[in-house]
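Structure, as structure tokens:
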Amino acid sequence: MKHRGRHRRRRRGAALRAVLAGTALALTAAATLISASQAGVTEDPGALKPLTSPADTGRLRLQEHMAPARALDRLAGAMGRPVGVDTVLQSADRSLRAAADCSADDRASLPVDPAAARAYCWDPADTAADAWRPASVTASGDADGDVPGTHRVVLAGWTHSTTTGRPGERGLARVAFVDADDPAHLDYRWVLLVVPVDGGRDYRGLASGVSGMVRYRDKLLVTTTAGSADALYVYDLDRIQRTTVDAPAIGRVPGGWSADGYGFVLPAVGSYRFTSGRCAPSGPPCPGALAVDRGTASGSLVAAEWTAPGEDRRARLWRYAFSTDPARPGPLATDAAGRADAVEAYGTRASGIRGVLSYRRAGADRPSWYVGRLPDAGGGHGGLWRQNTADARAVHCGADASDRCWAREAGSLSYREETGEVWSLSDRMLFTLPLADLDRSLD
């Protein structure tokens, strides 16, 4: 009751804050438009090319590896009864600030066109240094609808640099569990991603970037970096564990369990590997951005290949079907041998893809693929394109019609069908805007 009362108090004055935030976003967009217009136009990635040959689609096949239940139960038995998302949110200890209260540099990272409808900057303690950077986001709409009685939640994945900051944190991944019940005030709590080892007797930190992350029902799927044999890790959001010792170590320590100061850890319950080996230009792709497309029959996971900005080869976009079998622990549809095949795949000349969505617009005879891209050179704002098998369109802005109108160092995209909102993030801010605004700018 105390938590709900706090939210009611925070709603007071929300209308005034919304007006101030809208004014700040509009002014920021106008100022950024000047600098964005000075950048060149990125090469048109063209129409999508369907990939149908066995040589192409075979490289996308995944093998499912789910952790033994006894190992997960052993870890839970030693650490204590697992908790869920609501428990984490009820202990939120940090707050996001509305755009009007953010710095000019924070707001300058937002999209130029279309402008964000709402935007938030993180607690200064999390952005004071560049060691941790946000990269992925998944809204509760990805979870196949909100469960009545629970919070509206946004999950944001952050990756630690491999070269800066404290050595114990380097290369790890964490997730901000954001309570988005009150749009005027968002609270969050950190959870460290870990992987059980030694049959569930211990765990280690997930040493990987999280450029892609989606929530589907009670599962969270995250991408892994090129150095990992696994393409995706699977997490169960009902298996969050509390730590009991505040120590710099990660895992079992004298007297209990530690996570380098984090109060919660989320242990992996499985993973997927490409059957044809680790990612390579002539082999399986390096997974980058992920998203959920709920417009297909059973819902599907869409993915984009990571290639460096300006790289002269086709990246791949593809999708897997989600399982409809309630008795299966794995989220993807597989055959009797636990193999998941792509049900659709395309090639695109877009490079540096950091965000992807697939959505069938009203009246369209084919889905559109939205891709958010990093600029080919010079850093700064990227571009957002909508592609299908017929053509490609971009948002253009500035006097020279540059396509560098999207967010600075933009991360993944997450579409919430119930509200028509797209969630994304820049290197400094979390933001949302209507998908209809994107389409108006593209049209």
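When you line the sequence shown up against mature numbering (1 follows the signal peptide of the UniProt record, and there is no 0), it's residues -26 to -1, 1 to 417, in that order.
The beta-carbon is built from N, C-alpha and C at its ideal position, and this holds for glycine as well.
Since this is a predicted model, take the numbers as computed values, not measurements.
Assign residue i to one of two classes, buried (16 or more other C-beta atoms within 10 Å of its C-beta) or exposed (fewer than that).
i: S400; result: buried
i: D153; result: buried
i: M403; result: buried
i: V121; result: Only weak support is given to the placement of V121: the predicted model assigns it a pLDDT of 46, under 50, and the question is left unresolved by the model.
i: A295; result: buried
i: R414; result: exposed
i: S114; result: buried
i: D47; result: exposed
i: S83; result: buried
i: D234; result: buried
i: H39; result: exposed
i: T137; result: exposed
i: A254; result: exposed
i: S388; result: buried
i: P85; result: buried
i: D339; result: exposed
i: D204; result: buried
i: R378; result: buried
i: I8; result: Note on I8: pLDDT 41, under 50, position unreliable in the model; the coordinate value appears next. It counts as exposed.
i: T198; result: buried
i: T26; result: exposed
i: G372; result: buried
i: D80; result: buried
i: A271; result: exposed
i: P349; result: buried
i: Q12; result: With a pLDDT of only 41 at Q12, under the threshold of 50, the placement of this residue in the model should not be trusted; the figure read from the coordinates follows. Q12 is exposed by the Cβ-count criterion.
Take residue i as the anchor and find which of the options has the nearest alpha-carbon.
i: A259; options: R293, S272 and Y236; result: Per the sequence presented here, residue 259 reads as Pro, with Ala not at that position. Among R293, S272 and Y236, the Cα nearest to that of P259 is on R293.
i: C95; options: R68, R347 and R252; result: R68
i: residue 419; options: A103, D350 and A158; result: In the structure displayed, the chain extends from -26 to 417; residue 419 sits before or after that span and is not available.
i: I327; options: W280, P141 and T298; result: W280
i: Y209; options: R148, P157 and D161; result: R148
i: L63; options: Y162, T298, R390 and Y207; result: Y162
i: E392; options: L409, A105 and R247; result: L409
i: Y207; options: L167, G237 and R191; result: L167
i: A93; options: G244, A158 and P305; result: A158
i: A105; options: L146, D79 and A72; result: L146
i: F405; options: D417, G284 and G385; result: G385
i: S245; options: L306, P300, A278 and V239; result: L306
From which residue to which residue does the beta strand (DSSP E) around residue i run?
i: D60; result: That residue, D60, is in no beta strand (DSSP E); its alpha helix (DSSP H) goes V59 to Q64.
i: G262; result: P261 to D267
i: R226; result: I224 to V227
i: D80; result: That residue, D80, is in no beta strand (DSSP E); its alpha helix (DSSP H) goes A78 to R81.
i: D309; result: Counting along the chain, D309 falls outside any beta strand (DSSP E), and DSSP gives it neither H nor E.
i: P170; result: H159 to V171
i: P300; result: No beta strand (DSSP E) holds P300; DSSP gives it neither H nor E.
i: A150; result: A147 to D156
i: A29; result: Not the beta strand (DSSP E): A29 falls in the alpha helix (DSSP H), residues P28 to T31.
i: H355; result: Careful: H355 lies outside any beta strand (DSSP E) and carries neither H nor E.
i: A233; result: G230 to A233
i: P108; result: W106 to A113
i: L399; result: E395 to L399
i: V330; result: I327 to Y333
i: G183; result: First-last for G183: undefined, no H or E at that position.
Excluding five sequence neighbours on each side, which residues of the same chain lie with their C-beta closer than 7 Å to the C-beta of residue i?
i: R219; result: The amino acid occupying residue 219 in the given sequence is Val; Arg does not appear at that position. Excluding sequence neighbours, V219 sits near V227, G229, G230, W231 and S232.
i: G257; result: R33, S250 and G251
i: P56; result: A50, D212, R213, I214 and Q215
i: V188; result: T112, D116, L195, L264, A265, V266 and L275
Please return the same chain residues whose Cβ sits closer than 8 Å to the Cβ of residue i, not counting the five positions on each side in sequence.
i: A(-1); result: Confidence at A(-1) is low in this model, with a pLDDT of 47, below 50, so its placement is unreliable and the value that follows should be read with caution. The answer, listed in chain order, is A89.
i: R175; result: R48, L49, A52 and R226
i: P170; result: A41, A45, L46, L49, D176, Y177, P241 and A242
i: R313; result: R35, L36, Q37, E38 and T249
i: A282; result: S325 and G326
i: residue 428; result: Limits of the chain in this structure are -26 at one end and 417 at the other, which puts residue 428 out of reach.
Considering just the uninterrupted stretch of the alpha helix (DSSP H) at residue i, what are its terminal residues?
i: L409; result: L409 to L416
i: A50; result: A43 to M53
i: A130; result: Segment V127 to H134 is the beta strand (DSSP E) holding A130; no alpha helix (DSSP H) there.
i: T218; result: T218 -> no alpha helix (DSSP H), and no H or E assigned at all.
i: D100; result: P98 to T101
Give the C-beta separation of residue i and residue j to the nearest angstrom, bearing in mind that I take them to be a contact with Cβ-Cβ under 8 Å.
i: W164; j: A150; result: 6 Å
i: R334; j: G269; result: 5 Å
i: L36; j: T363; result: That belief does not hold up - the Cβ atoms of L36 and T363 are roughly 24 Å apart, past 8 Å.
i: V128; j: W397; result: 6 Å
i: T322; j: L291; result: 6 Å
i: V330; j: A265; result: 5 Å
i: P141; j: Q361; result: Not a contact, Cβ separation roughly 42 Å.
i: G262; j: G186; result: 6 Å
i: A109; j: T133; result: 5 Å
i: G131; j: V59; result: That belief does not hold up - the Cβ atoms of G131 and V59 are roughly 15 Å apart, past 8 Å.
i: D309; j: T31; result: Contact flag wrong, Cβ pair sits at about 14 Å.
Give a yes or no on whether the minimum CB-CB distance between residue i and chain D is below 8 Å.
i: L306; result: The chain inventory of the structure shown lacks chain D, comprising one protein chain alone.
Going by the C-beta, is residue i closer than 7 Å to any heavy atom of the ligand SAH?
i: L348; result: The model on display carries no ligand, and the ligand SAH is accordingly not part of it.
Going by beta carbon distance, what residues of the same chain come within less than 6 Å of residue i, once the five residues before and after it are set aside?
i: D267; result: S274, V276 and S332
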